[in-house]
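A.B. asks: Once you've had a glance at the structure underneath, I'll fire off some questions.
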């Protein structure tokens with residue numbers, strides 16, 4: 001989530017040249033002139049440590065994609081079943097607080113961190129500062145529909161950008177984005193949305 005678009009770039013030879021195996025292969029291809037003869041720069045390389053690559057098998061029921069998908073399904077069910085103000089306020093305070101913390105991380109790593117790999121991170125489109133306003137609106141019981149609509153459209157735009165692969169994203173973040181779309185849409189007052197909260201009025 002924290003890695004930006006620079007980390008998607010294919011490594012060039014300059015990027016790889018100091019990796020141990022790449023360095024060995026590069027030095028083995030070089031020759032030096034000694035006493036009028038060309039001799040290999042690196043002779044008889046020895047492997048100091050060698051072991052088989054450990055096999056990694058991700059278990060379905062403990063994978064982030066599976067767990068976040070289950071959470072999304074639960075939130076969809078709760079959103080459809082419970083229309084009370086107290087229940088929805090509690091859910092949104094929790095979720096928008098989580099999204100706000102992630103938005104702070106996006107801002108910090110995009111603009112203030114020294115790591116180049118975390119810059120130009122397009123995740124800041126859906127984890128944006130407008131989420132703070134939405135959280136504040138929920139806390140003070142205000143239905144500022146315009147801010148929820150901005151958050152909704154930005155999250156939808158990011159999913160569209162993910163399809164054309166402007167930046168590689170972790171598939172596990174998709175249920176998280178859909179959760180933000182769902183919870184922001186019910187407070188946006190869209191006429192097409194049957195899940196709109198009935199008690200909300202323009203304030």
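Numbering (the working numbering), first residue to last: 1 to 203. Even glycine gets a Cβ: it sits at the ideal position worked out from N, Cα and C. None of these values were measured; they are calculated from a predicted model.
Put residue 188 into one of helix, strand or coil per three-state DSSP.
C.D. replies: For the purposes of this step, residue 188 is taken as residue 188 along the chain shown, with counting starting at 1. Here residue 188 sits in coil by DSSP.
A.B. asks: Between 23, 7, 6, 8, which has its C-alpha nearest residue 14's C-alpha?
C.D. replies: Position 14 of the chain shown, counted from the start, is the residue given in the question as residue 14. With distances taken between Cα atoms, residue 14 lies closest to 23.
A.B. asks: Give the single residue among 117, 185, 142, 149 whose Cα lies nearest to the Cα of residue 9.
C.D. replies: Within the chain shown, residue 9 is the residue found at index 9, counting from 1. For the residues 117, 185, 142, 149, the minimum Cα distance to residue 9 belongs to 117.
A.B. asks: Counting pairs of beta carbons, one from the region 100–120 and one from the region 68–75, are three or more of them closer than 8 Å?
C.D. replies: The region 100–120, when compared against the region 68–75, does not touch it at the 8 Å Cβ threshold.
A.B. asks: Would you give the residue range spanned by the beta strand (DSSP E) that residue 151 belongs to?
C.D. replies: In the chain shown, the residue the question calls residue 151 occupies position 151. Taken as a continuous stretch (DSSP letters only), residue 151 belongs to no beta strand (DSSP E), being part of the alpha helix (DSSP H) at 145–163.
A.B. asks: On a CA-only basis, which of 120, 148, 82 is nearest residue 5? Give me that one, please.
C.D. replies: The residue you call residue 5 lines up with position 5 of the chain shown. Nearest of 120, 148, 82 to residue 5, Cα basis: 120.
A.B. asks: For residue 68, count neighbouring Cβ atoms within 10 angstroms of its own Cβ and tell me buried if that reaches 16, exposed if not.
C.D. replies: Here the question's residue 68 lines up with position 68 in the chain shown. When all chains shown are included, residue 68 counts as buried.
A.B. asks: Sort out for me which residues DSSP pairs residue 31 with in a bridge.
C.D. replies: For the purposes of this step, residue 31 is taken as the residue at position 31 of the chain shown. Answer is 40, bridged to residue 31.
A.B. asks: Taking contact to mean at least 3 C-beta pairs separated by less than 8 Å, is the region 130–147 in contact with the region 88–101?
C.D. replies: As far as the Cβ criterion goes, the region 130–147 touches the region 88–101, which means the pair count is three or higher.
A.B. asks: Who are the near neighbours of residue 2 in its chain, counting only those whose CB is closer than 6 Å to its CB and skipping five residues on each side?
C.D. replies: Walking along the chain shown from the start, residue 2 turns up at place 2. Same-chain partners within the cutoff: 109, 118.
A.B. asks: Just to confirm my understanding: we take residue 152, look at its own chain, exclude 5 residues before and 5 after, and list those with CB closer than 7 Å. What are they?
C.D. replies: To locate residue 152, count along the chain shown from 1; it is residue 152. Excluding residues within five positions, the ones whose Cβ falls inside 7 Å are 181, 184, 185, 188.
A.B. asks: Given that a residue counts as buried once 16 or more other Cβ atoms are within 10 Å of its Cβ, and exposed if not, what is residue 155?
C.D. replies: On the chain shown, residue 155 is found 155 positions in, with the first residue counted as 1. When all chains shown are included, residue 155 counts as buried.
A.B. asks: Can you tell me the Cα-Cα spacing of residue 166 and residue 34, whole angstroms?
C.D. replies: Position 166 of the chain shown, counted from the start, is the residue given in the question as residue 166. Position 34 of the chain shown, counted from the start, is the residue given in the question as residue 34. Taking the straight line from one Cα to the other gives about 51 Å.
A.B. asks: Residue 203 by DSSP, collapsed to three states: which one?
C.D. replies: The residue labelled residue 203 in the question sits at position 203 within the chain shown. Its pLDDT being 45, under 50, residue 203 is placed unreliably by the model, and nothing is read from it.
A.B. asks: Is it true that the region 75–87 meets the region 168–182, where meeting means three or more beta-carbon pairs spaced less than 8 Å apart?
C.D. replies: As far as the Cβ criterion goes, the region 75–87 touches the region 168–182, which means the pair count is three or higher.
A.B. asks: With a floor of 3 residues, list each beta strand (DSSP E) that falls wholly inside the region 78–134, ordered by position along the chain.
C.D. replies: The qualifying runs do not exist here; there are none.
A.B. asks: Taking residue 126 as the reference, which of 102, 146, 111 has the closest Cα?
C.D. replies: Position 126 of the chain shown holds residue 126. Nearest C-alpha to residue 126: 102.
A.B. asks: Under three-state DSSP, which class holds residue 25?
C.D. replies: Counted from its first residue, the chain shown places residue 25 at position 25. Helix.
A.B. asks: Within the continuous alpha helix (DSSP H) that includes residue 15, where are the two ends?
C.D. replies: Residue mapping note: residue 15 aligns to position 15 of the chain shown, counting from 1. 13–16 is the span of the alpha helix (DSSP H), which, as asked, contains residue 15.
A.B. asks: Between the C-alpha atoms of residue 48 and residue 20, what's the straight-line distance to the nearest angstrom?
C.D. replies: Residue numbering aside, residue 48 sits at position 48 when the chain shown is read from its first letter. Residue numbering aside, residue 20 sits at position 20 when the chain shown is read from its first letter. Each residue's Cα considered, the two are about 12 Å apart.
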